[in-house]
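Input: a single structure, listed below in C-alpha coordinates.
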Amino acid sequence: MNLNSIPAFQDNYIWVLNNDDGRCLIVDPGEAAPVLRALEENQWQPEAILLTHHHNDHVGGVKALRQHFPDVVVYGPEETQDKGTTQIVKEGDVISVLGHDFSVFATPGHTLGHICFFSSPYLFCGDTLFSGGCGRLFEGTASQMYQSFCKINALPDDTVICCAHEYTLGNMKFAISILPQDPALNEYYRKVNELRAKNQKTPPVILKNERQINLFLRTEDTDLIDVINQETKLQHPEERFAWLRSKKDNF
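In the working numbering, the protein residues as written are 29 to 279.
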(Lines of atoms letter the chains of each structure in order from A and count residues from 1; the text may use other names and numbers.)
(Lines give C-alpha, C1' and ligand atoms only; values in the text may rest on other atoms or scores of the structure.)
Protein backbone atom coordinates (compact mmCIF):
# COMPACT_ATOMS: atom_id res chain seq x y z
CA MET A 1 0.00 0.00 0.00
CA ASN A 2 1.15 3.52 -0.79
CA LEU A 3 0.43 6.39 1.62
CA ASN A 4 -0.64 9.80 0.34
CA SER A 5 -1.97 12.95 1.98
CA ILE A 6 -4.37 15.51 0.54
CA PRO A 7 -4.35 18.98 2.16
CA ALA A 8 -7.78 20.34 3.08
CA PHE A 9 -9.10 23.50 4.74
CA GLN A 10 -6.28 25.36 6.51
CA ASP A 11 -4.47 22.55 8.29
CA ASN A 12 -6.28 19.23 7.68
CA TYR A 13 -4.82 16.14 6.07
CA ILE A 14 -7.04 13.64 4.29
CA TRP A 15 -5.11 10.37 4.04
CA VAL A 16 -5.29 7.98 1.09
CA LEU A 17 -3.87 4.47 0.87
CA ASN A 18 -3.70 3.02 -2.61
CA ASN A 19 -2.69 -0.28 -4.15
CA ASP A 20 -0.61 -0.40 -7.31
CA ASP A 21 -3.75 -1.33 -9.24
CA GLY A 22 -5.29 2.06 -8.36
CA ARG A 23 -7.81 0.89 -5.77
CA CYS A 24 -7.73 3.09 -2.69
CA LEU A 25 -9.25 3.97 0.65
CA ILE A 26 -9.81 7.48 1.99
CA VAL A 27 -9.57 8.54 5.64
CA ASP A 28 -11.61 11.41 7.14
CA PRO A 29 -12.59 13.36 4.00
CA GLY A 30 -13.66 16.68 5.50
CA GLU A 31 -14.33 18.10 2.05
CA ALA A 32 -14.91 16.37 -1.26
CA ALA A 33 -13.38 18.71 -3.86
CA PRO A 34 -9.65 18.10 -3.17
CA VAL A 35 -10.31 14.35 -2.91
CA LEU A 36 -12.14 14.26 -6.23
CA ARG A 37 -9.26 16.14 -7.87
CA ALA A 38 -6.71 13.69 -6.46
CA LEU A 39 -8.77 10.68 -7.52
CA GLU A 40 -8.98 11.99 -11.07
CA GLU A 41 -5.32 13.03 -11.29
CA ASN A 42 -4.05 9.69 -9.99
CA GLN A 43 -6.77 7.53 -11.54
CA TRP A 44 -7.61 6.06 -8.14
CA GLN A 45 -10.78 4.08 -7.55
CA PRO A 46 -12.08 4.33 -3.96
CA GLU A 47 -13.26 1.14 -2.28
CA ALA A 48 -13.79 2.45 1.23
CA ILE A 49 -13.85 5.52 3.44
CA LEU A 50 -12.71 5.33 7.07
CA LEU A 51 -14.08 7.84 9.59
CA THR A 52 -12.52 8.35 13.02
CA HIS A 53 -15.15 10.68 14.53
CA HIS A 54 -18.14 12.88 13.75
CA HIS A 55 -16.64 16.39 13.44
CA ASN A 56 -17.49 18.08 10.15
CA ASP A 57 -13.88 18.70 9.12
CA HIS A 58 -13.53 14.89 9.01
CA VAL A 59 -16.86 13.84 7.52
CA GLY A 60 -18.10 16.83 5.50
CA GLY A 61 -17.12 15.38 2.12
CA VAL A 62 -18.61 11.90 2.58
CA LYS A 63 -22.03 12.45 1.06
CA ALA A 64 -20.64 14.14 -2.07
CA LEU A 65 -18.09 11.35 -2.52
CA ARG A 66 -20.82 8.74 -2.21
CA GLN A 67 -22.79 10.52 -4.93
CA HIS A 68 -19.81 10.00 -7.25
CA PHE A 69 -19.01 6.51 -5.96
CA PRO A 70 -22.26 4.94 -4.71
CA ASP A 71 -20.66 1.53 -4.08
CA VAL A 72 -18.02 2.84 -1.67
CA VAL A 73 -18.26 1.38 1.86
CA VAL A 74 -18.02 3.95 4.67
CA TYR A 75 -16.76 2.61 8.01
CA GLY A 76 -17.16 4.74 11.13
CA PRO A 77 -18.09 4.77 14.80
CA GLU A 78 -21.70 5.00 15.95
CA GLU A 79 -21.41 8.78 16.32
CA THR A 80 -20.98 9.04 12.51
CA GLN A 81 -24.12 7.08 11.61
CA ASP A 82 -25.84 10.21 10.24
CA LYS A 83 -22.72 11.41 8.38
CA GLY A 84 -22.84 8.90 5.54
CA THR A 85 -21.49 5.84 7.32
CA THR A 86 -22.73 2.55 5.83
CA GLN A 87 -21.10 0.19 8.35
CA ILE A 88 -20.72 0.99 12.05
CA VAL A 89 -17.50 -0.36 13.59
CA LYS A 90 -16.33 -0.49 17.20
CA GLU A 91 -13.46 -1.56 19.44
CA GLY A 92 -12.24 -5.06 18.55
CA ASP A 93 -13.64 -5.12 15.02
CA VAL A 94 -11.37 -6.02 12.11
CA ILE A 95 -12.27 -4.86 8.61
CA SER A 96 -10.66 -5.96 5.36
CA VAL A 97 -9.97 -3.27 2.75
CA LEU A 98 -7.66 -3.49 -0.29
CA GLY A 99 -6.66 -6.97 0.86
CA HIS A 100 -5.41 -5.71 4.24
CA ASP A 101 -6.90 -6.11 7.71
CA PHE A 102 -7.53 -2.98 9.77
CA SER A 103 -8.02 -3.28 13.53
CA VAL A 104 -10.42 -0.84 15.14
CA PHE A 105 -9.89 0.43 18.65
CA ALA A 106 -11.75 2.97 20.74
CA THR A 107 -9.84 6.15 21.57
CA PRO A 108 -12.28 8.44 23.41
CA GLY A 109 -11.18 11.87 24.57
CA HIS A 110 -11.50 14.29 21.67
CA THR A 111 -15.01 12.89 21.16
CA LEU A 112 -16.67 10.13 23.16
CA GLY A 113 -16.95 7.76 20.20
CA HIS A 114 -13.58 8.44 18.54
CA ILE A 115 -11.88 5.40 17.01
CA CYS A 116 -8.55 4.62 15.32
CA PHE A 117 -7.76 2.24 12.47
CA PHE A 118 -4.51 0.25 12.45
CA SER A 119 -3.02 -1.89 9.69
CA SER A 120 0.69 -2.30 10.24
CA PRO A 121 2.52 -0.03 9.91
CA TYR A 122 -0.21 2.60 9.43
CA LEU A 123 -2.25 4.13 12.25
CA PHE A 124 -5.04 6.55 11.33
CA CYS A 125 -5.65 8.32 14.62
CA GLY A 126 -7.81 11.29 13.60
CA ASP A 127 -7.65 13.94 16.32
CA THR A 128 -6.36 11.74 19.16
CA LEU A 129 -2.58 12.10 18.89
CA PHE A 130 -0.81 14.86 16.98
CA SER A 131 2.92 15.08 16.56
CA GLY A 132 4.14 16.66 19.77
CA GLY A 133 0.66 16.86 21.26
CA CYS A 134 -2.81 15.46 21.81
CA GLY A 135 -6.31 16.35 20.69
CA ARG A 136 -8.46 18.84 22.55
CA LEU A 137 -10.95 17.32 24.99
CA PHE A 138 -14.27 18.41 23.49
CA GLU A 139 -16.39 15.56 24.87
CA GLY A 140 -14.20 13.17 26.83
CA THR A 141 -11.97 13.43 29.88
CA ALA A 142 -8.21 13.61 30.33
CA SER A 143 -8.35 10.16 31.90
CA GLN A 144 -10.03 8.75 28.79
CA MET A 145 -7.48 10.41 26.53
CA TYR A 146 -4.63 9.08 28.66
CA GLN A 147 -5.99 5.53 28.24
CA SER A 148 -6.30 6.16 24.50
CA PHE A 149 -2.65 7.25 24.42
CA CYS A 150 -1.68 4.06 26.27
CA LYS A 151 -3.29 2.02 23.48
CA ILE A 152 -1.35 3.93 20.83
CA ASN A 153 1.88 3.71 22.83
CA ALA A 154 1.53 -0.09 22.95
CA LEU A 155 1.81 -0.33 19.16
CA PRO A 156 5.11 -1.32 17.47
CA ASP A 157 8.01 1.15 17.29
CA ASP A 158 7.73 1.46 13.50
CA THR A 159 4.06 2.49 13.55
CA VAL A 160 3.44 5.29 11.06
CA ILE A 161 1.17 7.80 12.78
CA CYS A 162 -1.15 9.52 10.32
CA CYS A 163 -2.77 12.34 12.28
CA ALA A 164 -5.30 14.69 10.76
CA HIS A 165 -3.89 18.18 11.38
CA GLU A 166 -0.72 20.22 10.94
CA TYR A 167 -0.39 21.27 14.58
CA THR A 168 3.23 20.23 15.13
CA LEU A 169 4.87 23.64 15.34
CA GLY A 170 2.43 24.93 17.96
CA ASN A 171 2.71 21.69 19.91
CA MET A 172 6.50 21.94 19.99
CA LYS A 173 6.40 25.56 21.12
CA PHE A 174 4.31 24.36 24.07
CA ALA A 175 6.65 21.43 24.78
CA ILE A 176 9.69 23.73 24.80
CA SER A 177 7.89 26.02 27.25
CA ILE A 178 7.63 23.09 29.68
CA LEU A 179 11.11 21.56 29.16
CA PRO A 180 13.22 24.33 27.57
CA GLN A 181 16.54 22.47 27.96
CA ASP A 182 15.43 19.12 26.56
CA PRO A 183 17.76 18.19 23.65
CA ALA A 184 15.25 15.97 21.79
CA LEU A 185 12.56 18.66 21.96
CA ASN A 186 14.91 21.38 20.78
CA GLU A 187 16.23 19.34 17.87
CA TYR A 188 12.75 18.40 16.69
CA TYR A 189 11.55 21.98 17.12
CA ARG A 190 14.40 23.13 14.88
CA LYS A 191 13.52 20.50 12.27
CA VAL A 192 9.82 21.36 12.33
CA ASN A 193 10.60 25.07 11.95
CA GLU A 194 12.65 24.31 8.84
CA LEU A 195 9.91 22.16 7.31
CA ARG A 196 7.15 24.68 7.97
CA ALA A 197 9.28 27.58 6.66
CA LYS A 198 9.29 25.68 3.34
CA ASN A 199 5.57 24.94 3.70
CA GLN A 200 6.35 21.23 3.97
CA LYS A 201 4.21 18.90 6.07
CA THR A 202 5.39 17.27 9.29
CA PRO A 203 3.15 14.13 9.44
CA PRO A 204 3.26 11.23 9.16
CA VAL A 205 5.55 10.52 12.11
CA ILE A 206 7.06 7.33 13.52
CA LEU A 207 5.92 6.21 16.98
CA LYS A 208 9.47 5.44 18.12
CA ASN A 209 10.45 9.07 17.44
CA GLU A 210 7.21 10.46 18.80
CA ARG A 211 7.89 8.85 22.18
CA GLN A 212 10.94 11.11 22.48
CA ILE A 213 9.29 14.44 21.64
CA ASN A 214 5.64 14.15 22.69
CA LEU A 215 5.27 15.12 26.35
CA PHE A 216 1.88 13.39 26.47
CA LEU A 217 3.76 10.12 25.89
CA ARG A 218 6.36 11.02 28.52
CA THR A 219 4.24 11.13 31.68
CA GLU A 220 6.77 8.83 33.44
CA ASP A 221 9.72 11.05 32.44
CA THR A 222 11.69 12.25 35.48
CA ASP A 223 12.45 15.68 33.99
CA LEU A 224 8.75 16.29 33.36
CA ILE A 225 7.83 15.02 36.82
CA ASP A 226 10.37 17.42 38.36
CA VAL A 227 8.76 20.36 36.55
CA ILE A 228 5.25 19.33 37.64
CA ASN A 229 6.45 18.82 41.22
CA GLN A 230 7.47 22.48 41.38
CA GLU A 231 3.77 23.32 41.10
CA THR A 232 1.94 20.29 42.48
CA LYS A 233 2.62 16.71 43.55
CA LEU A 234 0.89 14.25 41.23
CA GLN A 235 1.39 10.55 41.88
CA HIS A 236 -0.25 9.02 38.80
CA PRO A 237 0.71 9.39 35.12
CA GLU A 238 -2.85 10.13 34.09
CA GLU A 239 -2.91 13.05 36.55
CA ARG A 240 0.26 14.37 34.93
CA PHE A 241 -1.37 13.90 31.53
CA ALA A 242 -4.34 16.00 32.72
CA TRP A 243 -1.94 18.66 34.04
CA LEU A 244 -0.26 18.86 30.62
CA ARG A 245 -3.59 19.09 28.77
CA SER A 246 -4.74 21.88 31.08
CA LYS A 247 -1.47 23.78 30.52
CA LYS A 248 -1.82 23.35 26.76
CA ASP A 249 -5.42 24.61 26.85
CA ASN A 250 -4.20 27.83 28.42
CA PHE A 251 -0.96 28.16 26.46
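C-beta: ideal position from N, C-alpha, C; glycine also.
Owing to the predicted nature of the structure, the values given are computational and were not obtained by experimental measurement.
Cβ pair residue i, residue j closer than 8 Å
{"i": "residue 72", "j": "residue 190", "result": "no"}
{"i": "residue 100", "j": "residue 74", "result": "yes"}
{"i": "residue 149", "j": "residue 196", "result": "no"}
{"i": "residue 145", "j": "residue 78", "result": "yes"}
{"i": "residue 183", "j": "residue 243", "result": "no"}
{"i": "residue 125", "j": "residue 53", "result": "yes"}
{"i": "residue 251", "j": "residue 185", "result": "no"}
{"i": "residue 92", "j": "residue 118", "result": "no"}
{"i": "residue 176", "j": "residue 136", "result": "yes"}
{"i": "residue 256", "j": "residue 271", "result": "yes"}
{"i": "residue 266", "j": "residue 131", "result": "no"}
{"i": "residue 275", "j": "residue 206", "result": "yes"}
Reference residue i, options the options, closest by Cα
{"i": "residue 232", "options": "136, 157, 249", "result": "157"}
{"i": "residue 161", "options": "194, 131, 151, 184", "result": "194"}
{"i": "residue 86", "options": "98, 49, 38", "result": "38"}
{"i": "residue 113", "options": "62, 96, 234, 80", "result": "80"}
{"i": "residue 212", "options": "226, 241, 224, 172", "result": "241"}
{"i": "residue 168", "options": "176, 140, 178", "result": "140"}
{"i": "residue 19", "options": "115, 110, 96", "result": "Outside the shown range of the chain (29 to 279) lies residue 19, about which nothing can therefore be said."}
{"i": "residue 165", "options": "133, 62, 269", "result": "269"}
{"i": "residue 138", "options": "83, 249, 224", "result": "83"}
{"i": "residue 278", "options": "198, 60, 130", "result": "198"}
{"i": "residue 76", "options": "110, 230, 61, 129", "result": "129"}
{"i": "residue 273", "options": "90, 202, 97", "result": "202"}
{"i": "residue 248", "options": "260, 264, 206", "result": "264"}
{"i": "residue 220", "options": "200, 155, 237", "result": "200"}
Helix, strand or coil at residue i [DSSP, three-state]
{"i": "residue 273", "result": "helix"}
{"i": "residue 103", "result": "strand"}
{"i": "residue 215", "result": "helix"}
{"i": "residue 51", "result": "strand"}
{"i": "residue 207", "result": "coil"}
{"i": "residue 59", "result": "coil"}
{"i": "residue 262", "result": "coil"}
{"i": "residue 280", "result": "The chain is shown only over 29 to 279; residue 280 falls outside these bounds and no answer can be derived."}
{"i": "residue 71", "result": "coil"}
{"i": "residue 31", "result": "strand"}
{"i": "residue 193", "result": "strand"}
Same chain only: Cβ atoms within 8 Å of residue i, ignoring 5 sequence neighbours per side
{"i": "residue 30", "result": "45, 46, 47, 48"}
{"i": "residue 181", "result": "235, 239, 245"}
Cβ neighbours of residue i in the same chain (closer than 7 Å, five flanking residues each side left out)
{"i": "residue 40", "result": "58, 85, 192, 193"}
Cβ neighbours of residue i in the same chain (closer than 6 Å, five flanking residues each side left out)
{"i": "residue 179", "result": "133"}
{"i": "residue 105", "result": "141, 143"}
{"i": "residue 225", "result": "none"}
{"i": "residue 155", "result": "138, 163, 192"}
Item checked: Complete alpha helix (DSSP H) runs within the stretch 110 to 179 (minimum length 4 residues, chain order) -> Unbroken alpha helix (DSSP H) stretches of 4 residues or longer found wholly inside the stretch 110 to 179: none.
Margin query: Restricting to runs no shorter than 4 residues, where is the alpha helix (DSSP H) found entirely within the stretch 222 to 247?
Written below: DSSP runs (the alpha helix (DSSP H)) wholly in the stretch 222 to 247: 235 to 241.
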